[in-house]
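Peer 1:
2 protein chains.
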Amino acid sequence: MLNQSADHALRAVLFVARQAEDVPCSADLIASTLDVPRNYLGKLLNTLAQTGVLLSTRGPRGGFRLAMDPASLPLARIVEPFHRLPERRTCLLGNGACDPDNPCESHDRWQAMTDHLTQFFERTTVATMLSGHGDDDGTTVIMHRTRPARDVGATSPTSGQGSYRRTGT
Amino acid sequence: MLNQSADHALRAVLFVARQAEDVPCSADLIASTLDVPRNYLGKLLNTLAQTGVLLSTRGPRGGFRLAMDPASLPLARIVEPFHRLPERRTCLLGNGACDPDNPCESHDRWQAMTDHLTQFFERTTVATMLSGHGDDDGTTVIMHRTRPARDVGATSPTSGQGSYRRTGT
DNA sequence: GTATTATATCATATTCGCATGAGAAACTCA
DNA sequence: TGAGTTTCTCATGCGAATATGATATAATAC
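Structure, rendered in structure tokens:
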């Protein structure tokens, strides 16, 4: 489904999101909880911090915490740096035999499937994932981004220094 | 979406399925058409033959043809030897934190997504993929298999020696 | 300001999917 | 039977993803 890096990243963020907001999780804690090699996870957490998903603080009582409201954080934002979601342009028969202007017989069916997949990652937020079992349809669209915005930087959260208000829960 | 091997395999089978039934396609032809390295594709075609998806004949005018009615051939059957479809048992939070008896908060949502994906491959047949654009719902369930049956061997087709009757078209 | 804790970064090892090449085996046709 | 065609099989190369280890850098607490 996802490659290992994306999988680790997603699970790490969900873990961090479940903790109290202002208590950072150390990479050590996350790594041992998820049973992922320490240094390897460190690198993943690092890129998550660079893409503005997590905030990192060094030193004692340091660690990682969410950089934004989990209700505004689609899974795609977490996953994209590690795992390319399928592109709309080419379908199964790819190379020349199929493009949007001159689609092959299989194009529509294949694209319906990949679209479903892509939209799951784009529409599902961290908050949704933690909101219990799937019988409420909290999967409202939060943001539509066509391509990964790589240079997001630590986008300053809505209300001051890393303290957003949790909406639901 | 799929790894390259599964992708090549799928496209190769679709290509073969589009040809006349009794004229085998040589690996050379398929490879050049799909723009895939000859020997690499050969190995893929070989395992497709071993899993009973294709029939291979050697010698002049030899090559590969479908081993069964395309309407009875779900994409999963083609893809499984090369690409593991997601398993139902473990979800996102995997390792111990989540199992079917004691699911995590994210379990249902994640599983709904993976189920959708898995069912696409299990319910969509080669015939469906070639039946034109996706507005008819020809995706009726053909077979339900929970785990890959690796030792299928060349399951003798329904009506004698490799000559099935094509249903639609 | 020094010791401690933790992230950041670099260099390197390992594993696996992808790919290549050469030769063996099987089949057809003349 | 022998030449030609095609799949089959084995051995090997290559590169990216995964993983490890050591050191540098930053923040806190005393």
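Chains as they are written, first to last, in the numbering used here: chain A, 1 to 169; chain B, 1001 to 1169. For each residue, glycine too, the CB sits at the ideal point set by N, CA and C.
(1) For B:G1138, which of helix, strand or coil comes out of DSSP?
(2) In whole angstroms, what is the alpha-carbon distance linking A:L54 and A:E122?
(3) Identify the contact partners of B:H1116 in chain A, using a Cβ-Cβ distance below 7 Å as the criterion.
(4) In three-state terms, what does DSSP make of B:T1124?
(5) Put B:G1059 into one of helix, strand or coil per three-state DSSP.
(6) Mind pulling the alpha helix (DSSP H) runs of 4 or more residues that sit fully within the segment 1004 to 1063 of chain B?
(7) With burial defined as no fewer than 16 other Cβ atoms inside 10 Å of the residue's Cβ, what is the status of B:E1087: buried or exposed?
(8) Could you check if B:R1061 is buried or exposed, using at least 16 other CB atoms within 10 Å of its CB as the buried criterion?
(9) Establish whether the CB of B:E1105 and some CB of chain A are separated by less than 7 Å.
(10) Just to confirm the assignment, what range does the alpha helix (DSSP H) spanning A:G77 have?
(11) Is A:L41 near A:A31, with beta carbons less than 7 Å apart?
(12) Closer than 8 Å by beta-carbon distance: list the chain B residues that pair up with A:P86, in chain order.
(13) Taking A:M68 as the reference, which of A:A17, A:T57, A:T47, A:T114 has the closest Cα?
(14) May I have the straight-line CA-CA distance separating B:L1034 from B:R1011, to the nearest angstrom?
(15) Quick one: Cα of B:S1005 to Cα of A:V36, how far?
(16) Would the C-beta of B:L1044 count as close to the ligand FMN, meaning under 6 Å from any of its heavy atoms?
(17) Taking the alpha-carbon of B:F1015 as reference, which of A:E105, A:T118, A:F82, A:D22 has the nearest alpha-carbon?
(18) Residues of chain A with a CB under 8 Å from the CB of B:M1068: which are they?
(19) In terms of alpha-carbon separation, which member of B:L1075, B:F1120, B:P1103 lies closest to A:A112?
(20) Under a CB-based cut-off of 7 Å, is B:A1009 close to chain A?
(21) Residues of chain B with CB under 7 Å from A:L54, in chain order?
(22) If I measure Cβ to Cβ from B:P1070 and keep anything under 8 Å in the same chain, skipping five residues before and after, which residues do I get?
(23) Step through the CB atoms of chain B and report whether any lies within less than 7 Å of the CB of A:F64.
(24) Where does B:L1085 sit, in a helix, a strand or coil, going by DSSP?
(25) Residues in its own chain within less than 6 Å of B:R1109 by CB, not counting five upstream and five downstream?
(26) Given a threshold of 16 other Cβ atoms within 10 Å of its Cβ, counted over all protein chains shown, does A:G59 qualify as buried or as exposed?
(27) Within the 7 Å Cβ cut-off, does B:D1136 reach chain A?
Peer 2: Once the coordinates are examined:
(1) Unreliable positioning characterises B:G1138 in this predicted model, as indicated by a pLDDT of 39, which lies under 50. The coordinate reading is nonetheless provided below. B:G1138: coil per DSSP, three-state reduction.
(2) 18 Å
(3) H116
(4) Judged by DSSP in its simplified three-state form, B:T1124 adopts coil rather than helix or strand.
(5) Correct three-state label for B:G1059: coil.
(6) Complete alpha helix (DSSP H) runs here, min 4: 1004 to 1018, 1027 to 1034, 1038 to 1050.
(7) exposed
(8) exposed
(9) yes
(10) For clarity, residue 77 of chain A is Arg in the given sequence; the question names Gly instead. It spans 75 to 79 - the alpha helix (DSSP H) in which A:R77 sits, taken as one unbroken run.
(11) yes
(12) M1001
(13) For A:M68, the closest alpha carbon among the candidates A:A17, A:T57, A:T47, A:T114 is that of A:A17.
(14) 8 Å
(15) When rounded, the distance between both Cα atoms is 28 Å.
(16) Annotation note on the ligand FMN: not contained in the displayed structure, which lists no ligands.
(17) The shortest C-alpha to C-alpha distance from B:F1015 to any of A:E105, A:T118, A:F82, A:D22 is the one to A:E105.
(18) Per Cβ cutoff of 8 Å: no residues; B:M1068 is ~19 Å from chain A at best.
(19) B:F1120
(20) no
(21) Going along chain B, no residue has its Cβ under 7 Å from A:L54, so there is no contact; the nearest lies around 18 Å.
(22) A1017, T1125, V1126, A1127, L1130, R1166
(23) no
(24) coil
(25) Correct list: empty, nothing qualifies.
(26) exposed
(27) Any answer about B:D1136 is weak, because its pLDDT of 44 lies below 50 and its placement is not dependable; what the coordinates show is given next. Taking Cβ atoms only, chain A never reaches closer than 7 Å to B:D1136, which makes this a no.
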